[in-house]
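The sequence shown maps to residues 1 to 231 in this note's numbering.
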Amino acid sequence: AGLHLVHPLPEAHRAGRVRTELARGRSVTEAIYDAGFSSNSRFYERADRVLGMKPGSFRDGGAGTTIRFAVGQCLLGAILVAQSERGVCAILLGDDAERLVQDLQDRFPKACMLGGDAAFESVVARVVGMVEQPALGLDLPLDIRGTAFQQRVWQALQQIPPGKTATYSAIAERIGAPRAVRAVARACAANPLAVAIPCHRVVRRNGDLSGYRWGIDRKRTLLDREAASGG
């Protein structure tokens, strides 16, 4: 009684539909039902995990979220570290500091961006230490924002030990989606937390390094350093 059919879409697909509809300005209720969730309550049970924030905040481009950030230098070049109230939400690498800041702003266009103060320098220092010696790990909370599928991939990446690699197909198998190799590669490319979520440890079946959001040379440097240090 009271049961009604919903679109038979996997949760990751439905989550993507919600994100798309919210970005178009649809109401939260319309987006939830159009994506195939059977009720508001079922979606809200998963909303924080699916979107990384409450649905209204996602639709508003991070409105209501305060993000502190700073750009520094590390052995891989420029590094941007950003932290929300929930934890480190971005670790971006590159050659151009301004481009890194633009990348952060594009990800959270309506968030309140604040330059890091003196206290924030310790956060940046700990992140730089982790980037330069990944085996140390990062003893800071992470604010991981992504779709349900991306979250599954990123969780699997965090299980790859320093000094080891895994193939895209192995990650797809590990998350129970063996045919989703390309989707796994896209999730790796969308990772906003360099090294903390170690997408650099994912390689092609033949061992080729393939693509890396922050450049093949950085990927090779990270892997070489991990191998040389025994992890």
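Just so it is clear, CB atoms sit at the ideal spot from N, CA and C, and this is done for glycine as well. Keep in mind the model is a prediction, meaning the values are calculated, not measured.
Residue environment, Q159, which counts as buried when at least 16 other CB atoms sit within 10 Å: The residue labelled residue 159 in the question sits at position 159 within the sequence shown. When all chains shown are included, Q159 counts as exposed.
Under the three-state DSSP convention, the category T147 falls into: Locating residue 147 in the sequence shown gives position 147, where the first residue counts as 1. Here T147 sits in coil by DSSP.
Limits of the unbroken alpha helix (DSSP H) element including R182: In the sequence shown, the residue the question calls residue 182 occupies position 182. Judged by DSSP secondary structure, R182 falls within the alpha helix (DSSP H) whose first and last residues are V181 to A189.
Selection from G163, K164, A228 and C188 that minimises the alpha carbon distance to A172: The residue given as residue 172 occupies position 172 in the sequence shown. Measuring from the Cα of A172, the nearest candidate turns out to be C188.
Residues near Q73 by beta carbon distance below 6 angstroms, same chain, minus five either side: What you label residue 73 is simply residue 73 of the sequence shown in a count that begins at 1. Only residues of its own chain outside the window of five on either side were considered, and among them none has a CB closer than 6 angstroms to the CB of Q73.
V81: first and last residue of the uninterrupted beta strand (DSSP E) it sits in: Within the sequence shown, residue 81 is the residue found at index 81, counting from 1. Unbroken beta strand (DSSP E) run through V81: G77 to Q83.
Check whether V127 and V88 have beta carbons under 8 angstroms apart: Along the sequence shown, read from residue 1 onward, the residue named residue 127 stands at position 127. Along the sequence shown, read from residue 1 onward, the residue named residue 88 stands at position 88. Closer than 8 angstroms, so yes.
Cross-strand partners of C74 (DSSP beta bridge): Counted from its first residue, the sequence shown places residue 74 at position 74. G77, per the DSSP bridge assignment.
Alpha-carbon to alpha-carbon, G64 and K110: Stepping through the sequence shown from its first residue, residue 110 is reached at position 110. Stepping through the sequence shown from its first residue, residue 64 is reached at position 64. Each residue's alpha carbon lies about 8 angstroms from the other.
Residues of its chain near L104, where Cβ-Cβ distance is below 8 angstroms and the 5 sequence neighbours each way are ignored: Within the sequence shown, the letter at position 104 stands for residue 104. Excluding positions up to five away in sequence, the list reads I67, F69, L80, A82, A90, L92 and M113.
Rounded straight-line distance, which links the Cα of E85 to that of R220: One-based indexing of the sequence shown puts residue 220 at position 220. One-based indexing of the sequence shown puts residue 85 at position 85. R220 and E85: Cα-Cα distance of roughly 33 angstroms.
Any 3 or more C-beta pairs closer than 8 angstroms across the segment 207-219 and the segment 118-126: no
Element boundaries [beta strand (DSSP E), containing L209]: Along the sequence shown, one-based indexing puts residue 209 at 209. No beta strand (DSSP E) contains L209, which DSSP labels as neither H nor E.
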